[in-house]
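Trainee: In the working numbering, the protein residues as written are 1 to 283.
Take a look at the following structure, please.
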Amino acid sequence: MPGLPFPFAMVIRPRCVFDSLGGLFFRAVVIAVVLLAHASFQVCHAAAPTQGAGPAPVHQVREVYRLPHEPGAFTQGLFFVHGRLFETTGRHGQSRLMELNPQTGRVLRSRFLPAQYFGEGAVAVGQRIIWLTWTSQQAFVFDLETFEPVGEYPYQGEGWGLTFDGARLIMSDGGSSLVLRDPQSFEPLGSVQVTDGGVAVDLLNELEWAAGFVYANVWRESRIAVIDPGTGSVVCWLDLEPVVPLVLDPSAVANGIAFDERNDCLLITGKLWPEMICVQPLP
Ligand SMILES: [Ca+2]
Numbered sequence: 001m002p003g004l005p006f007p008f009a010m011v012i013r014p015r016c017v018f019d020s021l022g023g024l025f026f027r028a029v030v031i032a033v034v035l036l037a038h039a040s041f042q043v044c045h046a047a048a049p050t051q052g053a054g055p056a057p058v059h060q061v062r063e064v065y066r067l068p069h070e071p072g073a074f075t076q077g078l079f080f081v082h083g084r085l086f087e088t089t090g091r092h093g094q095s096r097l098m099e100l101n102p103q104t105g106r107v108l109r110s111r112f113l114p115a116q117y118f119g120e121g122a123v124a125v126g127q128r129i130i131w132l133t134w135t136s137q138q139a140f141v142f143d144l145e146t147f148e149p150v151g152e153y154p155y156q157g158e159g160w161g162l163t164f165d166g167a168r169l170i171m172s173d174g175g176s177s178l179v180l181r182d183p184q185s186f187e188p189l190g191s192v193q194v195t196d197g198g199v200a201v202d203l204l205n206e207l208e209w210a211a212g213f214v215y216a217n218v219w220r221e222s223r224i225a226v227i228d229p230g231t232g233s234v235v236c237w238l239d240l241e242p243v244v245p246l247v248l249d250p251s252a253v254a255n256g257i258a259f260d261e262r263n264d265c266l267l268i269t270g271k272l273w274p275e276m277i278c279v280q281p282l283p
């Protein structure tokens, strides 16, 4: 077995009872690693409310790290792709797709939408970035590496937030429903109504898929809804108020969530915020 370092060569043979024990141990290690990878989020995910139990609990957050954020960026979408950080912004003539340096927050490259479009949330599916517009009923598709346009999708209604669960796109339109869409055709596959203690949660905005749950900004609120995608129930809220930077502009609302898998935290920001903050839920 040339090339195998000593400890690995040792466990290959002979085949005996220790193999099955080793297999069990290996599986236990894999399960532990998966649980640990999202350990900080279990405090919230485990808190699934029972029917009629009232509003979901509110959890405080712990700051993991902080990065500068372009203070003129009217943030609409934020997401990582294998450790690379991307952002989309809105407003006519200022709507911009950007790749950011995840260590410094600096803009590495960007592309503007034509001035008639107001950019909204975006997400990557493979090598494509799908970027919504607010009221134009049109999503634009850009190549992840070149930022060149490679397609468009029409849709009905408004576009607000977009994320991807690995199989389906999940989209918000400013209401209380999340629409599931085919990632290739963009056709709607169904929808789920988001409720907290049985009450509809309106104005769902930027979205993020992390560890089996949908994280959603709610327009003009400094808290994130953590949503069970199967039932639409909010299982808990994350209170961002203590980490929100002071910005006097009333439009500077929290609106950006990207799951930083490497650091096991949610990178959050807002429209016109000077900073991005990575947070973990506290028990
Ligand atoms: Ca996001």
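The beta-carbon is built from N, C-alpha and C at its ideal position, and this holds for glycine as well.
#1: Tell me the DSSP bridge mates of GLU99?
#2: Helix, strand or coil for GLN280? Go by DSSP, reduced to three states.
#3: Determine the direct distance from the alpha carbon of PRO281 to that of ILE31, and round the result to whole angstroms.
#4: Kindly give me the distance between the Cβ atoms of LEU100 and PHE142, rounded to whole angstroms, as I take these residues to be in contact under 8 Å.
#5: Indicate whether the contact test is met: 3 or more Cβ pairs, each with one atom in the stretch 76-89 and one in the stretch 103-123, closer than 8 Å.
#6: Starting from ALA254 and walking both ways along the beta strand (DSSP E), at which residues does that stretch end?
#7: If I measure Cβ to Cβ from ASP165 and keep anything under 6 Å in the same chain, skipping five residues before and after, which residues do I get?
#8: For SER172, list the residues DSSP reports as bridge partners.
#9: Are the beta-carbon atoms belonging to THR195 and GLU158 less than 8 Å from one another?
#10: Considering only heavy atoms of ligand 1, list every residue whose Cβ is less than 6 Å from one of them, following chain order.
#11: Who are the near neighbours of ALA200 in its chain, counting only those whose CB is closer than 6 Å to its CB and skipping five residues on each side?
#12: Do THR75 and ASN255 count as a contact pair if the criterion is CB distance below 8 Å?
#13: Check each candidate in LEU162, ALA167, GLN184, GLU241 and name the one with the smallest Cα separation from SER204.
#14: Distance check for GLU221 and ILE170, CA to CA, integer angstroms please.
#15: Please decide whether TYR117 counts as near chain D, where near means a Cβ-Cβ distance under 8 Å.
Mentor: So, from the listed chains and residues:
#1: BP columns for GLU99 point to PHE86, ARG109.
#2: In this structure, GLN280 counts as strand in the three-state DSSP scheme.
#3: Caution is warranted here: a pLDDT of 44 is assigned to ILE31, below 50, making its placement in the model unreliable, and no coordinate value can be reported.
#4: Not really, about 16 Å apart at Cβ, beyond 8 Å.
#5: With the cut-off at 8 Å, the stretch 76-89 and the stretch 103-123 touch.
#6: 254-260 is the extent of the beta strand (DSSP E) around ALA254.
#7: Contacts found: TRP209.
#8: The bridge partners DSSP lists for SER172 are LEU178.
#9: Contact flag unset, no.
#10: Residue list for ligand 1: GLY77, LEU78, PHE79, THR163, GLU206, LEU207, GLU208, ILE257, ALA258 (CB closer than 6 Å to any heavy atom, chain order).
#11: These residues qualify, in order along the chain: SER176.
#12: With a cutoff of 8 Å on beta-carbon distance, ASN255 and THR75 are scored as near each other.
#13: Residue identity differs from the one stated: residue 204 is Leu in this sequence, not Ser. It is LEU162 whose Cα lies nearest to the Cα of LEU204.
#14: C-alpha separation (whole angstroms): 21 Å.
#15: The displayed structure is made up of one protein chain only, and chain D is not part of it.
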